[in-house]
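Chemist: My questions all concern the structure below.
2 protein chains.
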Amino acid sequence: MKNLARSKIVIAGLGLIGGSLARALSRAGLSANLAAVDRDAAALRQALDEGVIAEFAEDMRAPCASADLVVLALPVLSIEAALAELKPILNENTVITDVASVKHEVVAAARRVFGEAPARFVPGHPIAGSERSGYGAARADLFAGRKSILTPLPHTDPQALALVRELWEICGAEVVQMPVEHHDEVLAATSHLPHLLAFALVDTLSQQGESEEIFRYAAGGFRDFTRIASSDPVMWRDIFLSNGTATVAVLDRFMHDLTQLRESLLNQDADALYGLCSRARESRGRFLEILQAAALKLPGE
Amino acid sequence: MKNLARSKIVIAGLGLIGGSLARALSRAGLSANLAAVDRDAAALRQALDEGVIAEFAEDMRAPCASADLVVLALPVLSIEAALAELKPILNENTVITDVASVKHEVVAAARRVFGEAPARFVPGHPIAGSERSGYGAARADLFAGRKSILTPLPHTDPQALALVRELWEICGAEVVQMPVEHHDEVLAATSHLPHLLAFALVDTLSQQGESEEIFRYAAGGFRDFTRIASSDPVMWRDIFLSNGTATVAVLDRFMHDLTQLRESLLNQDADALYGLCSRARESRGRFLEILQAAALKLPGE
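So the protein lines, in turn, are chains A and B.
Number 283 in my numbering belongs to position 283 of the first sequence; there are no gaps in the numbering.
Number 332 in my numbering belongs to position 31 of the second sequence; there are no gaps in the numbering.
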């Protein structure tokens, strides 16, 4: 199998993640290897004009027929149709990966299309994002110092896995592997539930009669807390549809704790409320240490 | 009554808010008017050495006896003891204000101490903050472009109100007035509930067996969503203790909506989930427009 520098790489979906991947690979000197596919002709044209990619198409089939690596940078529930479109035209050496936030659904989609997930299919998920979406928000350093999780299956081809690992490492990410179901549970807790809560809070408040006034008196804390509620609705609809079970499991633990807190509020239980605030502050301190330790691993400019 | 430039101003509590107020007033040329009181001798010494204040004390009584304006920059539930300490030593012309996030509790404290809230007491709350606390986090521009809410009572002295208004306007804040109860309901929605949710989410996740691993795979969205969970625990215990009723009222609306969302997740209701995400994104866009419009009012450097 070719290594990354000799591979033709097709990025299907030139949004925030696909676009950032293209920019990162381009910065690593791989522009000549890159083709992009999107329905958004303006984004494709911009990437070509910027020298980020070498070619583009609005249809996956032509560039993918000669690809060594296809990256599906699409919403979770668009993966199945993309795999079905690729099935008749891919040659057997082509490696496929994706960037979706729910891995069991992507593996299930591959099984529905191919009977079994192909050995050259490496499910992946870079842990990076932004509330902004589209190629205009793409950044070459989006993955630098971040984790990229791969969830290979027992029969996944080790060479295919190595190629996808190289793809993310060249973007500055730290590649880690874990089982599909574990990924989906961890992401339900750290990403899917927080997004659900942010969307829900903004929606609850905006449906109050005086929502304009409420927003008028909100400050920076509210802005940060709700930042992720500005994320792409199609992407998040798909995530909530496909990781509902794991998200409900952690939501139920959270609502159980909230119900107890509600009692503490009504009973003016000073110890319980102080305990909550101080434990949470301490836990978040540990989280920041973990984030900073990861950032320290970043190569210098 | 003296105007602000001729007033001796005592700031009781040189933490994030009191310290930022001192820095803002100092930048406005009022350092010579400023005395600060705190138990933290190092913070007082630092403010004096920086030329931010002209004098300090570790006890309120001496500086407040000759003060024209006393600003109680203390946690909500410390206000009553401070008022009781001030009662025997204040002269009748001294204006008192505070910065606490729950106004009905502060007014009730004034009533308990004085029989009725004094006419020269102007309850106030600058809508600004940070998850960082203490004088070290204080910034002269913390209030610039922000709202500062005053909740005068029907018998509040108009001259006292004008002096406190001048205090915040000189810091660059836009002063608005509203009734006490309305303030507490609005803040429950925009600040107290979001803080409760952030504290609760971090606490729920940190009590899972694999919390270290969960935090390891969290990214920037989680960091922003939980930023406010690093806020001062004593201050927030006091807020939750004193604004529990209004916070529970909006928490109940939120939990009602969350329970419906839980059903949408379990039923894989694509329309409901897309509706949630797109409505929330749109509402947050309106909120950002309001924030930006306020920022545009800022004076240029």
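The beta-carbon is built from N, C-alpha and C at its ideal position, and this holds for glycine as well.
A quick note: this is a predicted structure, and the numbers were derived from the prediction, not measured.
My assumption, with CB atoms under 8 Å, is that A73/A sits in contact with Y135/A. Please give the rounded CB distance.
Modeler: In fact, because the Cβ distance is near 11 Å, the residues do not count as touching under 8 Å.
Chemist: R580/B: which of A249/A, G285/A, G19/A, T204/A sits nearest, CA to CA?
Modeler: When only C-alpha atoms are compared, the closest one is T204/A.
Chemist: For my contact list, T151/A and P126/A are in at a C-beta cut-off of 8 Å; report their separation, rounded to the angstrom.
Modeler: Their Cβ separation, rounded to whole angstroms, is 12 Å, which puts T151/A and P126/A out of contact at 8 Å.
Chemist: Can you name the residues of chain B whose CB is closer than 8 Å to the CB of Y135/A?
Modeler: Neighbours of Y135/A on chain B: none; closest Cβ ~18 Å, over 8 Å.
Chemist: Report yes or no: do the segment 340-355 of chain B and the segment 370-384 of chain B share at least 3 C-beta pairs separated by less than 8 Å?
Modeler: Cβ pair count under 8 Å is below three, so no.
Chemist: Identify which residue in A82/A, V37/A, E181/A has its Cα closest to the Cα of T245/A.
Modeler: The option with the nearest alpha carbon to T245/A is E181/A.
Chemist: Taking 8 Å as the CB-CB limit, is P495/B close to chain A?
Modeler: By this cut-off, P495/B is an interface position.
Chemist: Check the Cβ-Cβ distances between G15/A and every residue of chain B, and say whether any is below 8 Å.
Modeler: Chain B, which has no Cβ nearer than 8 Å to the Cβ of G15/A, makes this no.
Chemist: Residues bridged to T97/A by DSSP?
Modeler: The partner list for T97/A (beta bridge, DSSP) reads V71/A, V122/A.
Chemist: Within a Cβ cutoff of 8 Å, which residues of the same chain sit near N394/B, ignoring the five residues on either side of it in sequence?
Modeler: Result list for N394/B: M302, D369, R421, in chain order.
Chemist: Can you tell me where the beta strand (DSSP E) with Q159/A in it begins and where it stops?
Modeler: Counting along the chain, Q159/A falls outside any beta strand (DSSP E), though it belongs to the alpha helix (DSSP H) covering 158-169.
Chemist: Which of the three DSSP states is assigned to K448/B in this structure?
Modeler: Three-state DSSP puts K448/B in a strand.
Chemist: Closer than 9 Å by beta-carbon distance: list the chain B residues that pair up with R286/A, in chain order.
Modeler: Neighbours of R286/A on chain B, chain order: S507, S512, E513, F516.
Chemist: Taking any Cβ of chain A, which residues in the segment 545-556 of chain B have a Cβ under 9 Å from it, in chain order?
Modeler: Listed in sequence order: G545, T546, T548, V549, V551, L552, D553, R554, F555, M556.
Chemist: Report, in whole angstroms, the separation of the C-beta atoms of S434/B and G316/B, which I expect to be a contact under 8 Å.
Modeler: Sure, about 6 Å apart at Cβ, within 8 Å.
Chemist: Which word fits P419/B, buried or exposed, when buried means at least 16 other C-beta atoms lie within 10 angstroms of its C-beta?
Modeler: It is buried - the Cβ of P419/B has at least 16 other Cβ atoms within 10 Å.
Chemist: Have a look at M556/B and A128/A and give me their C-alpha separation to the nearest angstrom.
Modeler: So the alpha carbons of these two residues sit roughly 29 Å apart.
Chemist: Check whether chain B comes within 8 Å of E301/A, counting only Cβ atoms and requiring the distance to be less than that.
Modeler: Any answer about E301/A is weak, because its pLDDT of 28 lies below 50 and its placement is not dependable; what the coordinates show is given next. No, because no Cβ of chain B sits closer than 8 Å to the Cβ of E301/A.
Chemist: Nearest CA to the CA of I318/B: which residue from A401/B, A461/B, L552/B, C578/B?
Modeler: It is A401/B whose Cα lies nearest to the Cα of I318/B.
Chemist: Which one of Q292/A, R227/A, R262/A has the shortest CA to CA distance from L589/B?
Modeler: Of Q292/A, R227/A, R262/A, the residue nearest in Cα terms is R227/A.
Chemist: Under the DSSP definition of a beta bridge, which residues are partnered with I428/B?
Modeler: According to DSSP, I428/B bridges with nothing at all.
Chemist: Rounded C-beta distance between R340/B and E356/B? I'm assuming under 8 Å.
Modeler: So it is not a contact: roughly 16 Å between Cβ atoms.
Chemist: In terms of alpha-carbon separation, which member of W168/A, L167/A, P123/A, A138/A lies closest to H155/A?
Modeler: Of the candidates W168/A, L167/A, P123/A, A138/A, the one whose C-alpha sits nearest the C-alpha of H155/A is P123/A.
Chemist: Give the straight-line distance between the Cα atoms of P299/A and G29/A, rounded to the nearest whole angstrom.
Modeler: The predicted model places P299/A with a pLDDT of 46, which falls under 50 and marks its position as unreliable; any figure quoted below should be read in that light. Roughly 17 Å separates the two Cα atoms.
Chemist: Using three-state DSSP, classify Q207/A as helix, strand or coil.
Modeler: Of the three classes helix, strand and coil, the one that applies to Q207/A here is coil, per DSSP.
Chemist: Who pairs with F357/B in a beta bridge, going by DSSP?
Modeler: DSSP, once it has assigned bridges, lists A337/B as partnering F357/B.
Chemist: Can you give, in chain order, each stretch of the beta strand (DSSP E) that sits fully within the segment 204-250 of chain A and has at least 3 residues?
Modeler: Runs found: none.
Chemist: What are the boundary residues of the alpha helix (DSSP H) that includes E174/A?
Modeler: Unbroken run through E174/A is the beta strand (DSSP E), 174-177; no alpha helix (DSSP H).
Chemist: Shorter than 8 Å from the beta carbon of R524/B to some beta carbon of chain A?
Modeler: Cβ-Cβ to chain A under 8 Å: yes for R524/B.
Chemist: Do V234/A and P75/A have their C-beta atoms closer together than 8 Å?
Modeler: Closer than 8 Å, so yes.
Chemist: Taking all protein chains shown into account, decide if G473/B is buried (16 or more other Cβ within 10 angstroms of its Cβ) or exposed.
Modeler: Under this definition G473/B is a buried residue.
Chemist: Find the residues of chain A that neighbour W537/B, judging by a C-beta separation of less than 7 Å, and give them in chain order.
Modeler: What W537/B touches in chain A: C277.
Chemist: Using a Cβ-Cβ cutoff of 9 Å, what residues of the segment 443-454 of chain B are near chain A? List them in chain order.
Modeler: Against chain A - using a Cβ distance shorter than 9 Å - the residues of the segment 443-454 of chain B are R447, K448, I450.
Chemist: If we ignore side chains and look at the alpha-carbon of each, how far apart do A342/B and F516/B end up?
Modeler: Whole-angstrom Cα-Cα distance: 37 Å.
Chemist: Could you check how far apart the C-beta atoms of S531/B and R286/A are, in whole angstroms? I think they sit under 8 Å.
Modeler: The Cβ separation is near 11 Å, so there is no contact.
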